[in-house]
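*Asks:* Numbering (the working numbering), first residue to last: 933 to 1249.
All C-beta atoms in this analysis are idealised placements derived from N, C-alpha and C, irrespective of residue type, glycine included.
If you're wondering where the values come from, they're calculated on a predicted model, not measured in any experiment.
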Ligand SMILES: NC(=O)c1ccc[n+]([C@@H]2O[C@H](COP(=O)([O-])OP(=O)(O)OC[C@H]3O[C@@H](n4cnc5c(N)ncnc54)[C@H](O)[C@@H]3O)[C@@H](O)[C@H]2O)c1
């Protein structure tokens, strides 16, 4: 049987693809990026025999359906990880970005309905809690505090109704603030660059705010592990959601200090006061720990930073 991973060349998606292919499963990547060349996803290379690539835009409904239909009858699950992720530029192109996140998911889940795909994993976000204070459990009401969060709320509501109406086994993973191998800080938003850029040799980045905020930044391998545990879980309620993060919030200025200690270099990064994201932290991950046996490895961010540093050093050209 085959798992389709939409957004499988992205940060989280590529590690999900890695983990599935590593255990010998056939995985098909559906992504607008055509293949892994130039993406520095070195960790996929040993597993390429188990991975197929479909260069598809999820807004190109007809091509999407045609390419999914090529696997009809042998798809065990679809994982939806296509997104324009949260950041200060999301609001600059609202129609396009909301379309990719929400119409994109609708296109994929509806193709799953028509093709009889039994299981659908929606990569959602702790953004569905907005700025409600940390320790958020899955039974809190939704609160969107930005357009990205609104797409995540909309997707969860739609996916759950697809589950209830059409009997698809829908599961939702609420991820939070991912970092680590597969994504270079220099390609990310200013806060990410300031916090993790020292690991890549960046210096002197100034960000107007974010210095007073603590978030549960989660190593991407832990994020992927949580999604796979959810995929494998024997039974969940229709559209049931699980928080997947490291469960420990760390202050952003502290992360910069850890990076400087690790590299032995002053990076001269400056964060102004206040919050960067309108979010509370950390997510309460006890449900995933108990029900999915999810055990994040990098609960001490210093260990996660060290792992990230090694990857960046190993792939620097
Ligand atoms: N990164 C985080 O901190 C974070 C936090 C919470 C939730 N999430 C969620 O996790 C999921 C994965 O996030 P990520 O960090 O891996 O994102 P990413 O940006 O690294 O990957 C997204 C992938 O989607 C692909 N894509 C974008 N538009 C497309 C389109 N129209 N058609 C086909 N493919 C398209 C991109 O090529 C990319 O490979 C998303 O749903 C995101 O909202 C991420």
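Taking C-beta to C-beta, are residue 1194 and residue 1237 nearer than 8 Å?
*Replies:* yes
*Asks:* Hey, how far is the Cα of residue 1205 from the Cα of residue 955?
*Replies:* Taking the straight line from one Cα to the other gives about 45 Å.
*Asks:* What does the Cβ neighbour count give for residue 1191, buried or exposed, with the cut at 16 atoms within 10 Å?
*Replies:* Taking a 10 Å sphere around the C-beta of residue 1191, we find 16 or more other C-beta atoms and assign the residue as buried.
*Asks:* Evaluate contact between the stretch 945-962 and the stretch 985-997, counting only Cβ atoms and requiring at least three cross-stretch pairs below 8 Å.
*Replies:* yes
*Asks:* I think residue 1148 touches residue 1110, with their Cβ atoms under 8 Å apart; what is that distance to the nearest whole Å?
*Replies:* That pair is no contact at about 10 Å.
*Asks:* Pop quiz: residue 976 and residue 946 are said to be a contact at Cβ under 8 Å. What is the actual Cβ separation, rounded to whole angstroms?
*Replies:* 6 Å
*Asks:* Taking only three categories from DSSP, how would you classify residue 896?
*Replies:* With the chain covering only 933 through 1249, there is no way to say anything about residue 896.
*Asks:* Measuring CB to CB, does residue 1053 end up less than 8 Å from residue 1105?
*Replies:* yes
*Asks:* To which residues of the same chain is residue 1034 closer than 8 Å at the C-beta, ignoring the five residues directly before and after it?
*Replies:* 1083, 1086, 1087, 1090
*Asks:* Tell me where the beta strand (DSSP E) around residue 1103 begins and ends.
*Replies:* 1101-1107
*Asks:* With distances taken Cα to Cα, identify the nearest neighbour of residue 1226 among 1178, 1187, 1212.
*Replies:* Nearest option by C-alpha distance: 1178.
*Asks:* Would you say the stretch 1061-1073 touches the stretch 1211-1219, given that touching needs at least three Cβ pairs under 8 Å?
*Replies:* yes
*Asks:* Tell me whether residue 1054 sits in a helix, a strand or coil according to DSSP, three-state version.
*Replies:* strand
*Asks:* Please look up how many angstroms separate the CB atoms of residue 1175 and residue 1233, rounded, as I've assumed it's under 8 Å.
*Replies:* With a Cβ gap of about 18 Å, residue 1175 and residue 1233 do not count as contacting.
*Asks:* Closer than 7 Å to a non-hydrogen atom of ligand 1 - does that hold for the CB of residue 1027?
*Replies:* no
*Asks:* Near residue 1140, which residues of its chain fall below 7 Å by C-beta distance, leaving aside the five closest residues on each side in sequence?
*Replies:* 1204
*Asks:* Drop a sphere of 10 angstroms on the beta-carbon of residue 1010, count the other beta-carbons inside from all chains shown, and report buried for 16 or more, exposed for fewer.
*Replies:* Around the beta carbon of residue 1010, 16 or more other beta carbons sit within 10 angstroms, so the residue counts as buried.
*Asks:* Is residue 1057 near ligand 2 - that is, is its Cβ less than 7 Å away from at least one heavy atom of it?
*Replies:* Of the ligands this structure carries, namely ligand 1, none is ligand 2.
*Asks:* Does DSSP put residue 1150 in a helix, in a strand, or in coil?
*Replies:* strand
*Asks:* How about residue 1133 and residue 1207: are their beta carbons less than 8 Å apart?
*Replies:* no
*Asks:* Does residue 1048 pass the burial test, meaning 16 or more other C-beta atoms within 10 Å, or should it be called exposed?
*Replies:* Classification for residue 1048: exposed.
*Asks:* How would you label residue 1021, buried or exposed, when you count the other beta carbons within 10 angstroms and need 16 or more for buried?
*Replies:* exposed
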